[in-house]
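Chain order of the listed sequences is A and B. Under our numbering, the first residue of the first sequence is numbered 1, with each subsequent residue one higher. Under our numbering, the first residue of the second sequence is numbered 1001, with each subsequent residue one higher. Even glycine gets a Cβ: it sits at the ideal position worked out from N, Cα and C. It should be emphasised that the depicted structure is a prediction, and the values quoted were computed from it without experimental measurement. Let me begin by presenting the structure, written as structure tokens, before commenting on it.
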Amino acid sequence: MIEVENLTKWYGPVCAVDNISFRVEKGMIVGFIGPNGAGKSTTMKILTCYMPATSGRATVAGHDVLSDSMNVRRNIGYMPESVPLYPEMRVRELLMFRAALRDIPRRQRRAAVDRVAERCWLSKPEDMMRRRVGELSRGYRQRVGLAEVLLHNPPVLVLDEPTIGLDPAQIRAMRELIRDLGAEHTVILSSHILAQVEQTCNHLIIIASGRIAAAGAPAELRQRVVGPSRIIAELRGAEEATLVETIKALPGVRDVQPSTSDGWTRLVVGGDPQVDLRAEVSALAAARGWQLRELRREVGSLEDFFVQITYEQNVRWMERMTKSA
Amino acid sequence: MHKTLAVARRELAGYFYSPVAYVVGALFLLASGLWFFYRIFIPGNEASLRPLFEAMAYIMVFATPLLTMRLVSDEIRSGTIETLMTSPVTDAAVVVGKFLGVLAFYLVLLAGTVVFLALMAVYGQPDLGVAATGYLGMVLLGAAYLSVGLFASTLTPHQLVAAIVGTAILAIFAIMMQVLVANAGEPWNYLAAKLNAMAYFRDFSCGMFDTRGVVFFLTATGLFLFLSVKTLESRRWR
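In structure tokens form, the structure reads like this:
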């Protein structure tokens, strides 16, 4: 549905997007995540034909963003980050105006507006559609913005920070709505908060300093978390030193950190990457007659991965800057 | 075409929401009304709107940029330009739509001055032919002025800057050229005479239908609309 090849964008001397390539297939919900200023919005602005790339190619639904921009625009619904709306217009008026710009035939406009109002919970308070946009709360403005992009039922939705500025209940509602939309539309959304995208998207692209740091399904990315695996076990039935000695003797164990309180010894066992020591530990406890009250494996969260990768990219970027200076 | 009209309709409706438009409209009608009652509507005077048209043409140098200043500037400042320029609408349709919207509001303002003509008809016999060419002149002049103001508005996100730039450009053609005609040396005064907007307008207010004026104002309108489209397009590249 979307193909991006070697896209680069310079703002004067600043490189915002540095040679990125990716593909988005039909029906995917793709999350762009990265720290602020990573190049997420810039990539979206290029995809939606707001600005051209310095070099590289991008196609949306088979149309080139540069040479066939009108057809790209017809196939995309784009909600910019700040959700800009005309404050003096009424909600229905604004949606009718957008419908006219979106080539919806005059007779179908009213029905289209009613349909998206229903979908984005704008029809609930009776007078909502008659209210002035400038008087709406942030949450409602966001809904109007989303309603706008759904008007012409585009195959591709590009949403820049759709949950920013919303309260937790609204964030959850927005997330559910986006997940529903994924059934009919290909969605690209951006965020700098990983937890929000992790649950909504079925494909993540992590961007840092204009480059793709990692991409893949959330589960796949989680698997790629580097660093030693850890097991936490709470045992009773032997001296702390004996427990540590015995566990340390297991193959694949790197280090053991014990701590004892009211008779139970809590062991944090660090092992080699991709090694699961739980079976060995429980077998050992059974053989020695130790009591085992907790045994779990701690997997690095995607959040750790995200922070680590962004950190690394930032360090690399700083190095580049100092080298060129 | 229907998208151009949709943009135009939105702009026109926007003027009726905007306090600035009411203030500008009120001041324009006040100024032209004062001029009318103290300079023209006097027993024994000629029953003609000619001096009024001239005064209105000068007022418009300051009034039209105030009407056009928000057209594009406000969209750039608030970011709505982004949704507009990612809609399947050409930049030319946006510019022409906005121009038609403000032109419609300008015609509404101008229609307010017909009262003066009606009052005059009650007490005398104004020449309706002269009034008709006068109004035609006002429409042509207004179209050119508004396109200049629209162009100024595409240059900056600040409305005030747009208004000042617009007034400055208009002052060059409406005021400075007259000074040049009277004072400049041999080749320059001839050139200034060709660019003197007020001279072309005076023909219309006298009751003359001069195609030179029509061509001048329509060319100026077309030129500044074209420049507006180009500056709007260039935003993508900057």
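Task: is_contact[P1088 of chain B, chain A] using C-beta, thresh 7 Å - done: Yes, P1088 of chain B counts as interfacial toward chain A.
Open item on the list: Report the start-end ranges of each alpha helix (DSSP H) in the stretch 1014-1088 of chain B that is 4 residues or longer and not cut off at the edges.
Closed with: Whole alpha helix (DSSP H) segments, 4+ residues: 1019-1035, 1050-1068, 1070-1078, 1080-1085.
Task: Alpha carbon of P1187 of chain B to alpha carbon of V1161 of chain B, nearest angstrom - done: If I take the Cα positions, the gap works out to 33 Å.
- [ ] Take R296 of chain A as the anchor and find which of A:P218, A:C49, A:R230, A:E126 has the nearest alpha-carbon.
- [x] For the residues A:P218, A:C49, A:R230, A:E126, the minimum Cα distance to R296 of chain A belongs to A:R230.
Task: C-alpha gap between S1032 of chain B and T1113 of chain B, whole angstroms - done: In this structure, the alpha-carbon of S1032 of chain B lies about 8 Å from that of T1113 of chain B.
Open item on the list: Below 8 Å on the Cβ atoms is my contact criterion, and I expect G1232 of chain B with V1095 of chain B to pass it. Report the Cβ-Cβ distance as a whole number of Å.
Closed with: In the sequence under discussion, the amino acid at residue 1232 of chain B is Leu, which differs from the Gly named in the question. That belief holds up - the Cβ atoms of L1232 of chain B and V1095 of chain B are roughly 6 Å apart, short of 8 Å.
Task: Residue(s) in a DSSP beta bridge with Q291 of chain A - done: Beta-bridge pairing links Q291 of chain A to A:R236.
- [ ] May I ask whether a heavy atom of the ligand GDP can be found less than 6 Å away from the beta carbon of L295 of chain A?
- [x] As for the ligand GDP, it is missing from this structure, which has no ligand bound.
Task: V307 of chain A versus A:G237, A:I193, A:Y11, residue with shortest Cα-Cα distance - done: The residue from A:G237, A:I193, A:Y11 with its alpha-carbon nearest to that of V307 of chain A is A:I193.
TODO: Compute the distance between the beta-carbons of Y1106 of chain B and G1142 of chain B, then report whether it is under 7 Å.
DONE: The answer is yes: Cβ separation under 7 Å.
Task: Neighbour list for A100 of chain A in chain B, Cβ cutoff strictly below 8 Å - done: Within 8 Å Cβ-Cβ: H1002, K1003, A1006.
Open item on the list: If the criterion is Cβ atoms closer than 7 Å, does the pair V281 of chain A and A233 of chain A meet it?
Closed with: Going by beta carbons, V281 of chain A and A233 of chain A fall inside the 7 Å limit.
Task: Under 7 Å (Cβ pairs) to chain A, residues found in the stretch 1049-1083 of chain B - done: Going along the stretch 1049-1083 of chain B in chain order, one finds S1078, G1079, T1080, E1082, T1083 with a Cβ nearer than 7 Å to chain A.
Task: 6 Å CB neighbourhood of T1004 of chain B in its chain, flanking five on each side removed - done: Counting only Cβ-Cβ distances below 6 Å, and skipping sequence neighbours, we find A1093, V1096, G1097.
Open item on the list: Classify K40 of chain A: buried if its beta carbon has 16 or more other beta carbons within 10 angstroms, exposed otherwise.
Closed with: Classification for K40 of chain A: buried.
Task: Neighbour-count burial assignment, P154 of chain A, 16 or more Cβ in a 10 Å radius - done: Buried.
Open item on the list: What does the alpha-carbon distance come out to for the pair M1060 of chain B and V1179 of chain B?
Closed with: Rounded to the nearest whole angstrom, the CA to CA distance from M1060 of chain B to V1179 of chain B is 19 Å.
Task: Whole-number beta carbon distance between F22 of chain A and S190 of chain A, since they are thought to touch under 8 Å - done: The C-beta distance from S190 of chain A to F22 of chain A rounds to 13 Å, too long to meet the 8 Å contact threshold.
Task: A183 of chain A vs T310 of chain A beta-carbon contact at 7 Å - done: The answer is no: Cβ separation not under 7 Å.
Open item on the list: Looking at the secondary structure, which residues open and close the beta strand (DSSP E) in which Y11 of chain A lies?
Closed with: Y11 of chain A -> beta strand (DSSP E) spans 2-11.
Task: Within 7 Å, strictly: CB atoms of V156 of chain A and I76 of chain A - done: By the CB criterion at 7 Å, V156 of chain A and I76 of chain A fall inside the cutoff.
Open item on the list: Give me, in chain order, the residues of the same chain whose beta-carbon lies closer than 6 Å to that of T1080 of chain B; leave out the 5 immediate sequence neighbours on both sides.
Closed with: The answer is none, since no qualifying residue turns up.
- [ ] Let me know the secondary structure DSSP gives N1196 of chain B once reduced to three states.
- [x] Collapsing the DSSP output to three states places N1196 of chain B in coil.
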